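Participant: Let me give you the structure first, and then I'll get to my questions.
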Amino acid sequence: MQIGESFVGEGADAAHVNTVLGAKDGPAGVAWATALATPRQGHVPFIAVLRPGLPTRPLTLFVNKATIAGDGHATLTWGAAQAGVAAGVADAVHAGAVPAEGADELVLIAAVWVNPAAADADAVYANNRAATAQALAAGAKGTPTLSEVLAARGRPENPFFRPSDAR
23 MQIGESFVGE GADAAHVNTV LGAKDGPAGV AWATALATPR QGHVPFIAVL
73 RPGLPTRPLT LFVNKATIAG DGHATLTWGA AQAGVAAGVA DAVHAGAVPA
123 EGADELVLIA AVWVNPAAAD ADAVYANNRA ATAQALAAGA KGTPTLSEVL
173 AARGRPENPF FRPSDAR
């Protein structure tokens, strides 16, 4: 199983994608099927498609991390972000981060944050495309390394928080 993470962009249109890639007949497959079969209010996992009737390979389950907050947010999540994720998966397969051979035996879970304040569909699309491809590449490489994690432990930060002593 490969696990990846990536954050791309700035402000409300940024993308944060977590990926879990694994065999259909392993733990990732069980998690994939369970998540698809157990939607809950505001969070309805669905299969990412490059266009209607053309799901990406490996089959990708789009899981929204933000509760849908109105029509505009829904359109950006199910439209621009979903298209970006699907294209990012195809990009990762094309680049070799996900092996084309055996792609039909794999499943991918993409947990995707779309900020309810996002407004620019093109930016949401581009950021999710890049973040998905980068998360899959990181999973394939096994990055970050433990030494990178330990080196950063004294100065944790993210786009939403930076400790005052880290400035």
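Okay, so the sequence shown: first residue is 23 according to the numbering used here, each after it adds one. No residue lacks a Cβ here, since even glycine has one placed at the ideal position from N, Cα and C. Since the structure is predicted, the reported quantities are computational estimates derived from the model, not experimental observations.
Quick one: grab the DSSP three-state call for Gln63.
Facilitator: Stepping through the sequence shown from its first residue, residue 63 is reached at position 41. The answer is coil: DSSP assigns Gln63 none of H, G, I, E or B.
Participant: Quick one: what does DSSP say Thr99 is sitting in, helix, strand or coil?
Facilitator: Looking up residue 99 in the sequence shown gives position 77. If DSSP states are grouped into helix, strand and coil, Thr99 belongs with the helices.
Participant: Our contact map puts Thr41 next to Leu130 with C-beta atoms below 8 Å; I'd like the distance itself, whole angstroms only.
Facilitator: Walking along the sequence shown from the start, residue 41 turns up at place 19. Walking along the sequence shown from the start, residue 130 turns up at place 108. Contact flag correct, Cβ pair sits at about 6 Å.
Participant: Mapping the DSSP letters down to three states, classify Val171 as helix, strand or coil.
Facilitator: As a working mapping, residue 171 is identified with position 149 in the sequence shown. Val171 falls in the helix class under three-state DSSP.
Participant: For Val66, which of Lys87, Pro49, Leu76 and Pro74 has the nearest alpha-carbon?
Facilitator: Position 44 of the sequence shown, counted from the start, is the residue given in the question as residue 66. Of Lys87, Pro49, Leu76 and Pro74, the residue nearest in Cα terms is Lys87.
Participant: Do the stretch 67-80 and the stretch 175-189 make contact, defined as three or more Cβ pairs closer than 8 Å?
Facilitator: Touching, no.
Participant: Please determine, among Pro181, Ala162 and Ala132, the residue with the shortest C-alpha to C-alpha distance to Thr78.
Facilitator: For the purposes of this step, residue 78 is identified with residue 56 of the sequence shown, where counting begins at 1. The shortest C-alpha separation from Thr78 is found at Ala132.
Participant: Just verifying my parser: in three-state terms, what is the DSSP assignment at Ala145?
Facilitator: One-based indexing of the sequence shown puts residue 145 at position 123. Looking at Ala145 - three-state DSSP - the assignment turns out to be helix.
Participant: Does DSSP classify Val52 as helix, strand or coil?
Facilitator: As a working note, residue 52 is residue 30 in the sequence shown. Val52: helix per DSSP, three-state reduction.
Participant: Could you tell me the boundaries of the beta strand (DSSP E) in which Ala125 lies?
Facilitator: For the purposes of this step, residue 125 is taken as residue 103 along the sequence shown, with counting starting at 1. Careful: Ala125 lies outside any beta strand (DSSP E) and carries neither H nor E.
Participant: With a CB to CB cut of under 6 Å and the five nearest residues on each side skipped, what residues in its chain are close to Val146?
Facilitator: Working through the sequence shown from its first residue, we reach residue 146 at position 124. For Val146, where only same-chain residues beyond five positions count, the Cβ hits under 6 Å are Asp35, Leu98, Ala102, Ala103 and Ala140.
Participant: I'd like to know whether the C-beta atoms of Val120 and Ala114 end up nearer to each other than 7 Å.
Facilitator: Counted from its first residue, the sequence shown places residue 120 at position 98. Counted from its first residue, the sequence shown places residue 114 at position 92. Yes. Within cutoff.
Participant: Kindly indicate which residue of Thr82, Asn149, Ala155 and Trp135 has the alpha-carbon position closest to the one of Ala91.
Facilitator: In the sequence shown, the residue the question calls residue 91 occupies position 69. Among Thr82, Asn149, Ala155 and Trp135, the Cα nearest to that of Ala91 belongs to Trp135.
Participant: Which two residues bound the contiguous beta strand (DSSP E) that contains Gly92?
Facilitator: Indexing the sequence shown from 1 puts residue 92 at position 70. It is not in any beta strand (DSSP E) - Gly92 carries neither H nor E in the DSSP assignment.
Participant: For the alpha helix (DSSP H) that contains Gly110, what are its first and last residues?
Facilitator: Taking the first residue of the sequence shown as position 1, residue 110 is located at position 88. From DSSP, the alpha helix (DSSP H) with Gly110 extends over Gln104 to Ala117.
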